[in-house]
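The structure under discussion appears below in the form of structure tokens.
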Amino acid sequence: MARKPTLDQLHPDVLRQAGDLGTRIRAARKRRRLRLSDLADKSGLSRSTIEAIERGALSTSFGAYLAALSAMGLSKELDLIADPGLDRDGLALELSLSDKRVRVARPDAGNEF
């Protein structure tokens, strides 16, 4: 049975993206002139959780990230993540004919019941 990778074994791009997201969330909080405690109160999270989000900590729950973004009015942008209409690779695979099964029409034997 394969072991799940630990957080420190994840691809460097994943770690970078998490850090970048935390940096963007911090910038959004500061633009709104919110202190850590203000965002914690608005989102229903603890101050330490907000700090972890802004560090891009992968051990912090996805729900916490959503709560912080929602409290700042940024949750609508989440609708674009993994939007099937924007998934070019997925659409190309879906439309590819190479993987589709072809069913041969059977001659109609009639209803001989």
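Adding 5 to a residue's 1-based position in the sequence shown gives its number in the working numbering.
Glycine residues also receive a C-beta, built at the ideal position from the N, C-alpha and C atoms.
This structure is a prediction, so every number in the text was calculated from the model and none was measured.
The C-alpha of residue 71 is placed about 11 Å away from the C-alpha of residue 50.
Only exposed fits residue 85, as fewer than 16 other CB atoms lie within 10 angstroms of its CB. Sequence-distant partners of residue 59 (beyond 5 residues in either direction) whose C-beta falls short of 7 Å from its own C-beta, in its chain, are 27, 30 and 31. Ranked by Cα distance from residue 79, the options 36, 56, 57 and 110 are led by 36. Residue 74 and residue 101 have their C-alpha atoms some 37 Å from each other.
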